[in-house]
Amino acid sequence: MNIQDKRFVIIGAGASGMSSAYFLYKSGASKICVFERELLGSGSTGRCAGIVSTQLWNEIDIKLARRSIEIFEEISRKVPYFKVYKKGFISIAGKEKSKKYINRIMDILKGEKINYKIYQGQEAEKAFSFLKNSEDKLILETPDDIYCDSGMFLYTIYSYLRKEKIDLKLLREVEGFRTSNREIKGLWVKGIYYPADIFIICAGVWSKKILEKIGIKIPLLPYRTQIAVLRKKDLTDIPVIYDLDTELYIRKEFPDKAIIGNGTETKESSLIFKENPDEEFIYGVIPEITNIVNDFEDAEYMGGWAGLCAATPDRQPLIGKISEFENLYIIAGFNGFGFMRIPAIAENFVSYLTENRTEIDISSYSIERFKGKEIEKFEIKQGFSFID
Ligand SMILES: Cc1cc2nc3c(=O)[nH]c(=O)nc-3n(C[C@H](O)[C@H](O)[C@H](O)COP(=O)(O)OP(=O)(O)OC[C@H]3O[C@@H](n4cnc5c(N)ncnc54)[C@H](O)[C@@H]3O)c2cc1C
């Protein structure tokens, strides 16, 4: 596709939309317009913990996370205020089911030549003195994993693209489309009509609602996850910790702050949701975390938030063409693990669009896999453990 003259419209300025705009621009497109119904970071990306880990469940996702780390690092080298923290990621397994998970992904990590190390018994105790009962656990470390500030990532791309005069329209909710035969001709925003050639839906959990306007059903359900911010004096320099038994994760935020998240919700949420964490979560999190990490008994609860994640039936994203229309595409459905894969997905999506080839084969994430299947209702599965 000769993209120089094409007018691209991206709906949603979260990580998917901003990364797609970035890679489209880098591939030579200059007529790019991003519509965002609220402000930058109003969706899931602004509420994300910013954890990027290669400890995932299949070769494609591991490749995507590894490439995303490279992209985050490339951007941080160009823009000093966007910081990448290479502190590594450890998964801790006490229960048999969790240990089984570690053993399975370890083989995949090995196949993908990811730098990893496994610890048990005294070695675990020595290496991770900040963990409680580490000698009884199986611990998998991937030292090259990172975290970064997801809001700052959006802002960095936004500043870069604005400088290059890409049209970013904030506070502009896409309300509807004009279609003709199998083509989208344009869209409506606050009564103004915008024509374009290619349309990419990057609207996170709201993508389903947008597509319903043109009679397209996609298998996507919102579920709510929560984060608590704890103050802990003299917090040691810990890697990101993920406790597979409880599905709680913890990462350092500032010298005296940690954020603790849960990815365990399996109930469908409304798109209008409670943005503060539940009392039960807030009061439960300190006792739970003291069973995982040492010296958290004196931690204080400082705040927190909740956000929506987008579930799909097989917990894999929806990437690529929507076959009902010739010029309509989607990037959505990340099941709580979007930030860590989105930059690489957007890069590959753009090279598929522009050159019909990809470095990492993401064709199995095509929405076509659900064609002819019952997709309205499905079970929302939790955390990392879905592999079983
Ligand atoms: C609490 C929490 C913690 C998380 N932690 C992590 C983590 O550590 N690592 C990780 O990999 N993932 C994490 N995730 C998941 C991650 O945040 C998401 O997978 C990712 O941000 C999805 O990005 P997105 O661009 O697809 O969607 P979003 O960021 O939701 O962006 C979609 C945008 O579309 C806009 N929009 C919607 N409707 C319209 C419309 N009609 N017109 C115009 N704009 C519209 C929305 O306002 C929104 O800004 C977390 C999620 C939550 C909630």
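Here the sequence shown stands for residues 2 to 389, numbered as in our numbering.
For glycine and all other residues, C-beta sits at the position ideal for the given N, C-alpha and C.
Where residue i and residue j are concerned, what is the direct C-alpha to C-alpha distance, given to the nearest angstrom?
i, j, result
"M2", "K133", "56 Å"
"Y102", "I12", "36 Å"
"K374", "C203", "23 Å"
"V35", "A22", "8 Å"
"V241", "I52", "8 Å"
"I192", "T247", "Checking the sequence, you will find Gly at residue 192 rather than Ile. Between G192 and T247, the C-alpha separation is close to 48 Å."
"E380", "K164", "44 Å"
"D150", "N182", "43 Å"
"E266", "E176", "30 Å"
"K84", "T180", "43 Å"
"Q121", "F90", "16 Å"
"Q5", "N328", "16 Å"
"K32", "F274", "35 Å"
"S69", "Y194", "35 Å"
"A259", "K233", "7 Å"
"S271", "F282", "19 Å"
"E113", "I211", "37 Å"
"D168", "F24", "15 Å"
"I361", "A30", "22 Å"
"I346", "I363", "8 Å"
"T237", "F131", "8 Å"
"E74", "L155", "14 Å"
"E184", "S352", "22 Å"
"V10", "F326", "15 Å"
"R105", "D296", "32 Å"
"L188", "F178", "4 Å"
"E289", "L171", "40 Å"
"E301", "M341", "29 Å"
"E39", "E213", "20 Å"
"E174", "I251", "34 Å"
"I215", "F200", "13 Å"
Can you list, in chain order, the residues of its chain whose CB lies under 6 Å from that of residue i, leaving out five sequence neighbours each side?
i, result
"D244", "I93 and I293"
"P318", "G334, F335 and Y366"
"F387", "Bear in mind that a pLDDT of 49 at F387, under 50, signals an unreliable position, so the number given afterwards is only what the model happens to contain. R316."
"R8", "K32, A197 and D198"
"T355", "M2, I4 and S28"
"S99", "L245 and D246"
"L110", "Y117"
Is any heavy atom of ligand 1 found at a distance shorter than 7 Å from the C-beta of residue i?
i, result
"C149", "no"
"E377", "no"
"S43", "yes"
"R179", "no"
"I52", "yes"
"E212", "Note that residue 212 is Leu in the sequence shown here, rather than Glu. No, the beta carbon of L212 sits no closer than 7 Å to any heavy atom of ligand 1."
"C310", "yes"
"I228", "yes"
"S17", "yes"
"V175", "yes"
"F338", "yes"
"R48", "yes"
"C203", "yes"
Tell me where the beta strand (DSSP E) around residue i begins and ends.
i, result
"I251", "L249 to F255"
"L231", "L222 to R232"
"Q383", "From DSSP, Q383 is part of no beta strand (DSSP E); its letter is neither H nor E."
"T157", "First-last for T157: S151 to K164, but that is the alpha helix (DSSP H), not the beta strand (DSSP E)."
"Y330", "L329 to A333"
"L169", "D168 to K170"
"E176", "V175 to S181"
Between which two residues does the alpha helix (DSSP H) holding residue i run?
i, result
"S54", "That residue, S54, is in no alpha helix (DSSP H); it is neither H nor E in DSSP."
"G42", "Here G42 belongs to no alpha helix (DSSP H), and DSSP marks it neither H nor E."
"F200", "Taken as a continuous stretch (DSSP letters only), F200 belongs to no alpha helix (DSSP H), being part of the beta strand (DSSP E) at I199 to I202."
"Y284", "E280 to T291"
"T355", "I343 to E356"
"D244", "Careful: D244 lies outside any alpha helix (DSSP H), inside the beta strand (DSSP E) at V241 to D244."
"L319", "Segment L319 to K322 is the beta strand (DSSP E) holding L319; no alpha helix (DSSP H) there."
"Y102", "E97 to G112"
"I132", "Correcting the residue identity first, residue 132 is Leu in this sequence and not Ile. Note, L132: premise wrong, no alpha helix (DSSP H); not H, not E."
I'd like the list of long-range same chain contacts for residue i, defined as Cβ closer than 7 Å, with 5 residues on each side in sequence excluded.
i, result
"E276", "W306 and A307"
"E136", "G122, Q123, A125 and E126"
"P256", "L236"
Grab me the residues of residue i's own chain with a C-beta within less than 8 Å of its C-beta, minus the 5 sequence neighbours each way, in chain order.
i, result
"I119", "I103, M107, L139, I140, L141 and E142"
"I115", "T55, I63, R67, T143 and D145"
"Q383", "E248, G264, T265, E266 and T267"
"L231", "K258, A259, I260, I261, V286, I287, I290, F297, A300, E301, Y302 and M303"
Taking DSSP's pairing of strands, which residues face residue i in a bridge?
i, result
"N263", "Q227 and L249"
"C310", "Y224"
"G187", "R179 and P196"
"I33", "F9"
"K258", "R232 and F255"
"V85", "C149"
"K118", "E142"
Ligand 2 and residue i: does any heavy atom of the ligand fall closer than 7 Å to the residue's C-beta?
i, result
"A14", "Judged by which ligands are present, ligand 2 is missing from the structure shown, whose ligands are ligand 1."
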